[in-house]
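Inspection log for the structure reproduced underneath, given as structure tokens.
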Amino acid sequence: MDHARLADLLFPNVTRTPEDIEALYPPRQLPEGAKVTRFAPSPTGFVHFGGLFPTTIGERLAHQSGGVFYLRIEDTDAKREVEGAAEGLIRTLEHYGIHFDEGAVIGEDGKICDRGIYGPYRQSQRGPIYHVYAKQLVALGKAYPVFTTKEELEAMNAVDKKAEIKAKDWHEDQTAQREAMLRAREITLEEVEKNLAEGNPFVLRILADGDPEKKVPFTDLIKGKLEIPENDEDFVLLKSDGIPTYHFAHAVDDHLMGTTHVIRGEEWLPSLAKHIMLFRYLGFRMPKYMHIAQIMRLDENGNKKKLSKRDMGANMDDYSRMGYAPACVCEYIMTLLNSNYEEWHMQNPDKPYTDFPFNIKKMSNSGCLFDFDKLNDVSKNIISRMSAEEVTALVTAWAKEYDPAFGEQLARDPAFTQAIFAIGRGGKKPRKDLATWADAKPYMGFFFDPAQIDAYPEQFSIEDIKAALVGFLRSYDPADEMNAWFDKVKAVAREIGYADDMKAYKADPSAFRGSIADVSMFLRVAVTGKMNAPDLYTVMQILSKDETVRRVQSMIDRL
RNA sequence: GGCCCGUUGGUCAAGCGGUCAAGACGCUAGCCUCUCACGCUGGAAACAUGGGUUCGAUUCCCGUACGGGUCACCA
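With the numbering used here applied, the first sequence covers 14 to 572.
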């Protein structure tokens, strides 16, 4: 077989050589140790939690080392592409504070455009580049074409490949495939010419020289030392539309664009042998790899499953809707990514997570379960440290988008709203009431709308409650200092036979009808409608005397 | 089914041959407090399993089980 002749036959229009291409991609001028990483999504949907994981690592590694973090769009599968998905991906990442130094960006006109000299950054626009390398491989005898007729191609596209294979017997299928592969390798120049003349499309397959019985040692930055069986599968390099598969595009692009670290999910581990082979054939130096474990979820049988797109908590846009602040989500991700992050954060509570010295060695190598409880805790801590102004602004902004009626209430009197969010804020032990902005309404919505009223526990008599409320109204004076105010509440408690001192009550509960805590609860429910609410004295101050009295009176009336 | 990866409390996790096996979330008891919270002090709760190697294994090796991933002209 004359490989050079085959190459010319297959790629008559390719005149450039790999050297010509290399010249267009000069080595990056970066400081020693700088890492070049990338986010390389296929524009088929939204960013999901599992995807934000490797992205955050890439961003941290690049920016912490003075390197480059770029965005490359892997739009090699037109069938699956979703209109506008790429733009959505970029916007979501921006929302989470992930910025790209280079690559595909959203331009002035809202459309994707390139920024940087290592482009194009959309694989769909890199066809001619891939073809140069494809031609080279053919000329080297390391790749060969497999022709199909258009009818066969259509038939292939019509079936769900994955489902089809699953239904088959694995052994049988693999033997058949292997035989077909070996046969395809035997194609002659004459056959190629004939097919080309007939206009039949072809895929370009690699000619695999590996022996799976042999293992190649490989070091993954997270998994450690691995033994990879050599690849013996003639996988597809170029699809029949001339567009490369992931494998081929990965090798060519990451080489030309100077990627130093490839960070991807561990589902790529089984393909690693293919990539090792490709880089070898192409004469490229391999980047370093980090294969990270998947985020899992529990299925209905209690088994772990990879967190997939449809799952609760998968779509990052859902977090916005649920009212999670981006900073909180990022911090939660850091706690999952780096086992010593929490320790660092406890020592540096006020520093942003970007100050944390991210350490690859501290990364977990098994998949973790998504935990909303933990996210909420992280989130509560962060929000508790925000200022009242900040919380007011963020809650209001969130509500305007996701709960307009509530947003309007919050915005009507910003000073009033801010006074509410200032309760228990600041100081050493701030309240931790809010994990999400959506928590604001159940937490403090009663200031605006007292409609929702918790029922009093049944063990208390209506008479006691009424007596306490009436007693309170008789003596209430908003000019009282907090202590004076509470002394009056205590007096009311004594009047109706409730203990005004918790110690005395606990020493002998039977001596009293109830305690000051119960009386406080009677009042709290009357004023806020809730068993749980922030400091009652302050709540009354903010509500005003008229409103406080009105609410207590209305509770007395309905009892 | 072949191949690959993984396995410390319910969850996230320290550990890297000798520890009473950290810590965080959640759960829970009590304390503090003028009420709700916050906070504090405790508690229950774990090395999947069988063989080795070793004076000694959670830690090293092999097997087993279980879980995950992958086997497309998808990424």
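Positions of the beta carbon are idealized from the N, C-alpha and C atoms, including for glycine.
Every value quoted in this text rests on a predicted model; they were computed, and no experiment measured them.
| Check | Outcome |
| --- | --- |
| Expected contact under 8 Å - CB spacing of residue 217 and residue 156 to nearest Å | 5 Å |
| Limits of the alpha helix (DSSP H) - the one that residue 419 falls within | 417-425 |
| Proximity to residue 135 [Cα-Cα], best of 144, 122, 107 and 116 | 116 |
| C-beta contact flag for residue 371 and residue 77 at 7 Å | yes |
| Residue ranges of each beta strand (DSSP E) within the region 264-312, 3 or longer | 274-278, 301-305 and 308-311 |
| N-terminal and C-terminal residue of the beta strand (DSSP E) that residue 51 is part of | 49-52 |
| Segment contact, 8 Å Cβ cut-off, at least three pairs: the region 331-343 with the region 407-427 | yes |
| Inter-residue spacing [alpha-carbon to alpha-carbon] between residue 188 and residue 126 | 46 Å |
| Closest Cα partner of residue 130 within the set 143, 386, 122 and 83 | 83 |
| Sufficient close CB pairs (3 or more, under 8 Å) joining the region 397-404 to the region 434-449 | yes |
| DSSP bridge partner residues for residue 512 (one or two, in chain order) | 528 |
| Local Cβ density within 10 Å of residue 72, reported as buried at 16 or more and exposed below that | buried |
| Stretch pair the region 253-271 + the region 192-204: three plus CB contacts closer than 8 Å | no |
| Which of helix, strand or coil DSSP assigns to residue 599 | Residue 599 is absent from the model: the chain starts at 14 and stops at 572. |
| Residue 115 - partner residues in DSSP beta bridges | 83 |
| N-terminal and C-terminal residue of the beta strand (DSSP E) that residue 232 is part of | 228-233 |
| Candidates 421, 431 and 453: closest to residue 393 by CA position | 453 |
| Identity of the residues DSSP links to residue 127 by a beta bridge | 117 |
| Span of the alpha helix (DSSP H) around residue 479 | 475-488 |
| Cβ separation of residue 388 and residue 311, assumed to be a contact under 8 Å, to the nearest whole Å | No, residue 388 and residue 311 are not in contact; Cβ-Cβ is about 15 Å, not under 8 Å. |
| Segment contact, 8 Å Cβ cut-off, at least three pairs: the region 532-544 with the region 501-509 | yes |
| Buried/exposed call for residue 163, threshold 16 Cβ in 10 Å | exposed |
| Segments of 3+ residues assigned as beta strand (DSSP E) that fall wholly inside the region 143-222 | 156-160 and 215-219 |
| Cβ pair residue 341, residue 391 closer than 7 Å | yes |
| Cβ neighbours of residue 268 in the same chain (closer than 6 Å, five flanking residues each side left out) | 297 |
| Meets three-Cβ-pair contact criterion under 8 Å: the region 422-438 and the region 352-367 | no |
| Which residues DSSP lists as bridging residue 328, in chain order | 61 |
| Beta strand (DSSP E) segment containing residue 237, residue limits | 237-242 |
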